[in-house]
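Just below is one structure, and these are the notes that go with it.
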Amino acid sequence: MPIRPVASVARPLARSLLTCAQRPPKATRISLISAPIAFPTPRLSARTMSSSAAATTHLPNPEPSPAGQVPGQGKPNLHLYTWGTPNGYKVSILLEELRAAYPEEAKNKLAYDMIPVDISTNVQKTPEFLKVNPNGRIPALIDDSQNKLDVWESASIELYLQSQYDPDNKFWFSDVKGRSDALSWIFFAHGGVGPMQGQAHHFYRYAPLKIPYGIKRYIEETERLYSVLEAGLEKGNGWLAGGKYSVADINVYPWVRSYAWAGIDISKYPRLGKWIKTIEERPAVQKGLTVPNPPRAGTSEEELEKIAADVANWKDKAEKELDDEKKKLEQEKAQKSS
Numbered sequence: 001m002p003i004r005p006v007a008s009v010a011r012p013l014a015r016s017l018l019t020c021a022q023r024p025p026k027a028t029r030i031s032l033i034s035a036p037i038a039f040p041t042p043r044l045s046a047r048t049m050s051s052s053a054a055a056t057t058h059l060p061n062p063e064p065s066p067a068g069q070v071p072g073q074g075k076p077n078l079h080l081y082t083w084g085t086p087n088g089y090k091v092s093i094l095l096e097e098l099r100a101a102y103p104e105e106a107k108n109k110l111a112y113d114m115i116p117v118d119i120s121t122n123v124q125k126t127p128e129f130l131k132v133n134p135n136g137r138i139p140a141l142i143d144d145s146q147n148k149l150d151v152w153e154s155a156s157i158e159l160y161l162q163s164q165y166d167p168d169n170k171f172w173f174s175d176v177k178g179r180s181d182a183l184s185w186i187f188f189a190h191g192g193v194g195p196m197q198g199q200a201h202h203f204y205r206y207a208p209l210k211i212p213y214g215i216k217r218y219i220e221e222t223e224r225l226y227s228v229l230e231a232g233l234e235k236g237n238g239w240l241a242g243g244k245y246s247v248a249d250i251n252v253y254p255w256v257r258s259y260a261w262a263g264i265d266i267s268k269y270p271r272l273g274k275w276i277k278t279i280e281e282r283p284a285v286q287k288g289l290t291v292p293n294p295p296r297a298g299t300s301e302e303e304l305e306k307i308a309a310d311v312a313n314w315k316d317k318a319e320k321e322l323d324d325e326k327k328k329l330e331q332e333k334a335q336k337s338s
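For the sequence shown, the residue numbers in UniProt numbering are 1 to 338.
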């Protein structure tokens, strides 16, 4: 007897719970102020609902970076696999900063193209992409000058690019304390801000059931982490490490700039708010945020709610399509065995 898909059993219960669940009262919700949002609305796809199912599509061909080329730029040496998320923007921002700081290298060693990995299609789960990143996540990088070396995990890519292409330490430090502080902030963001704010995004914007406990837990933890950043900026004269703009700042900026999406009131963190504005005014940062596509800007709570509703509808449709596909596969298997 074919096993009934879990999704088909769980859906009636989920819908029943969804009918009974209510969004937290307006008075208990954290007020938002306008902020740049780092997430484009995903395209509809059943594949996104599965973390392991391989997509039917293939990786697209490399494209020139929308950030533009410098005069005399040659064949790309670096190949960036990315999408419009905070982790993706970390790498494209650093690449553009390095290209601006080393204009001659921008023509050759720092010349790069991009492969847009639309994560809403689960193309990141194809064998083709898993050869580049066995974890099936973006971003990833291939360096032709190092025998097509592949590097994955956003912080790892940032540290690799700095070590290979920032000989003057324009975005790093030559002293032990500077390096140690920068690494501490990078790991703090990689293991703290990113995961916790990602969960805040999920429970506050995406989750089909508005669970007050989940919303409160992850927003408050993100706020605690923001308080740590606020204190760090006070101690570091406006920067996280060594008193200057560095990879430590670039690494966490794409997450913090999307504070409103996580339900955070940035006015409670004046130094952090000033830090965001200072960084976003940098031309290289503005270029990096166009790769592979510009982030959506939310100017009101209504706009943010609409984006979240679009994603919720997309997820519901995706789940149904996955369920239908599982049933079809079970029917085909039953026919072959009969």
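Every residue gets a Cβ at the ideal spot worked out from N, C-alpha and C, and that includes glycine.
The structure displayed is predicted, hence computed values, not measured ones.
Return the residue from the list S156, P71 and N135 that minimises the CA-CA distance to L90.
Position check: residue 90 holds Lys in this sequence, whereas Leu was assumed. K90 has its Cα closest to that of S156, out of S156, P71 and N135.
Mind checking which residues open and close the alpha helix (DSSP H) that includes V228?
P212 to K235
Report yes if the C-beta of D166 is less than 8 angstroms from at least one heavy atom of the ligand FAD; otherwise report no.
Ligands are entirely absent from the displayed structure, and the ligand FAD is therefore not among its contents.
Going by the CB atoms, is the gap between D168 and A248 shorter than 9 angstroms?
Cβ distance not < 9 angstroms, so A248 and D168 don't count as in contact.
So for A21, helix, strand or coil by DSSP?
Only weak support is given to the placement of A21: the predicted model assigns it a pLDDT of 37, under 50, and the question is left unresolved by the model.
Quick check on the burial criterion: 16 or more other C-beta atoms within 10 angstroms. Buried or exposed for N61?
exposed
With H, G and I counted as helix, E and B as strand and the rest as coil, what does DSSP make of D118?
coil
According to the neighbour-count rule (16 or more other Cβ atoms, all chains shown, within 10 Å of its Cβ), is E97 buried or exposed?
buried
Inter-residue Cα distance where the pair is D166 and N251
Here the C-alpha atom of D166 lies approximately 16 angstroms from the C-alpha atom of N251.
Which partner residues does A248 have in the DSSP bridge list?
Note: A248 sits in no beta bridge, so no partner.
Straight-line CA distance for S31 to P254?
Since pLDDT at S31 reaches only 33, below the 50 mark, its modelled position is unreliable, and the value read off the structure follows with that caveat. Straight-line Cα distance between these residues: approximately 21 angstroms.
If we ignore side chains and look at the alpha-carbon of each, how far apart do G194 and R224 end up?
Whole-angstrom Cα-Cα distance: 13 angstroms.
Do the CB positions of P76 and D144 come within less than 9 angstroms of each other?
yes
In the DSSP assignment, find the alpha helix (DSSP H) that holds H201 and state where it starts and stops.
From DSSP, the alpha helix (DSSP H) with H201 extends over G194 to H201.
Identity of the residues DSSP links to E63 by a beta bridge:
M114
Beta-carbon proximity check, W172 vs Q162, cutoff 9 angstroms:
yes
Quick one: measure Cβ to Cβ for L95 and L110, integer angstroms, because I've assumed they're closer than 8 angstroms.
7 angstroms
Stretch pair the segment 183-203 + the segment 225-234: three plus CB contacts closer than 8 angstroms:
yes
Span of the beta strand (DSSP E) around W83:
Per DSSP, W83 belongs to no beta strand (DSSP E) and is neither H nor E.
Taking one C-beta from the segment 212-223 and one from the segment 252-272 each time, how about it: are there three or more such pairs within less than 8 angstroms?
Short answer: they touch.
Whole-number beta carbon distance between I138 and G88, since they are thought to touch under 8 angstroms:
About 5 angstroms; that satisfies the 8 angstroms criterion.
Euclidean distance between Cα positions of T126 and I119
11 angstroms
How many Å lie between H202 and K327 at the Cα?
28 angstroms
For Q124 and H190, what's the separation of their Cα atoms in angstroms?
20 angstroms
Span of the alpha helix (DSSP H) holding L272?
For L272, the enclosing alpha helix (DSSP H) has its first and last residue at P270 to E280.
What residues are listed by DSSP as bridge partners for L78?
Listed as beta-bridge partners of L78 by DSSP are Y112 and D143.
Apart from the five residues just before and just after H58, which ones in its own chain have a Cβ nearer than 8 angstroms to its Cβ?
Taking C-beta separations shorter than 8 angstroms and ignoring five residues to either side along the sequence, the partners of H58 in its chain run V123, T126 and E128, following chain order.
Just mark A55 as buried or exposed, buried being the case when its beta carbon has 16 or more other beta carbons within 10 Å.
Here A55 scores only 48 on pLDDT, less than 50, and its place in the model should not be relied on; the value that follows carries that caveat. In the assembly as shown, A55 is a buried residue. Its beta-carbon has 16 or more other beta-carbons within 10 Å.
Between the beta-carbon of S92 and the beta-carbon of K287, is there less than 9 angstroms?
In this structure, S92 lies near K287, with their beta-carbon atoms less than 9 angstroms apart.
In terms of residues, what are the limits of the alpha helix (DSSP H) holding L149?
No alpha helix (DSSP H) holds L149; the beta strand (DSSP E) holding it covers L149 to W152.
From the DSSP output, read off the bridge partner residues of A262.
Paired residue(s): none; A262 is not in a bridge.
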